[in-house]
Amino acid sequence: MYTIYQEILFRPIFNALIFLYSLTFQDLGIAIIFLTIGVRALLVPLFQRALMAQKKMTEIQPEIKKIQDECKDNKEEQARRLMELYKNKGANPFSGCLPILVQLPVFITLYNVFIKLFDSAQLELLYPFIARPEILNPIAFGILNLALPNIFMAFFAGVSQYFQAVTMPEPPKLQQSNPNAPDMGKILSFQMKYFFPVLIFFISLQLSASMALYWTVLNVFGIVQQKLAARN
């Protein structure tokens, strides 16, 4: 299983990074930025599909709530009418999940690439047509050592995660059987906006600055993408 994963995802992305490293005058920071943006750009169609599916579900939310209220004592009838509504409106409550799930292996691979970046054994995975560097220079932009943790990069990773969460559209509210129960949507939103950025900051403090740079670029791209999608 690891060999399949290595050949299909890890090795191509690692080779792409080393290729970009050679093109950017061996500045690993610039190579990481270009690689992250390039991979994220390739996944834009999947993101757009997930966003459109979420918008569709938000648009029909009033009708969903009406059916839930009218059939609250008859779950079978409620399920039948909801399925009929989804069919008539061309909506699928799970269609937004598949594109996100497809993206996850790619982002996990990027994470693994940057975690193992300074392991010289990984250079054995280079394709014959990729020039092999003697060493990977960890100094990016002339000042930043990407091989070591960096508090400033950890801060940027946390802050960018906060703004990424703020720009994400609110998920449609779900009908809860107990009106006195906590609003799970608000709890999740709070965690994404405040808890997760703090968690990212502390995690980044334990990892190399290359990971924090990757996460920051990923978030900035996501913020720009969300802003552009909101205009459409």
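Position one of the sequence shown corresponds to residue 356 (the numbering used here), numbered consecutively onward. Beta carbons: idealized from backbone N, C-alpha and C, even for Gly.
Compute the distance between the beta-carbons of residue i and residue j, then report whether it is under 9 Å.
i, j, result
"G384", "L501", "yes"
"L560", "P483", "no"
"S565", "P493", "yes"
"A584", "L406", "yes"
"A446", "A408", "yes"
"D382", "F496", "yes"
"T379", "F389", "yes"
"L472", "S563", "yes"
"L480", "Q403", "no"
"I415", "K444", "yes"
"P488", "L478", "yes"
"I368", "T464", "yes"
"G513", "F469", "no"
"I373", "Y569", "no"
"C426", "E432", "yes"
Considering only DSSP beta bridges, list what residue i is partnered with.
i, result
"N500", "I494"
Buried or exposed for residue i, going by 16 or more other Cβ atoms inside 10 Å?
i, result
"M412", "buried"
"Q580", "buried"
"R395", "buried"
"P552", "buried"
"Y549", "exposed"
"N574", "buried"
"S515", "buried"
"V572", "buried"
"V457", "exposed"
At what residues does the alpha helix (DSSP H) containing residue i begin and finish?
i, result
"A476", "A476 -> no alpha helix (DSSP H), and no H or E assigned at all."
"T522", "I506 to T522"
"L440", "K430 to K444"
So what does DSSP say about residue i, is it helix, strand or coil?
i, result
"T379", "coil"
"I415", "coil"
"L562", "coil"
"Y549", "helix"
"N574", "helix"
"R366", "helix"
"A486", "coil"
"L481", "coil"
"K471", "coil"
"F449", "coil"
The ligand COA heavy atoms versus the CB of residue i: any closer than 8 Å?
i, result
"L375", "Annotation note on the ligand COA: not contained in the displayed structure, which lists no ligands."
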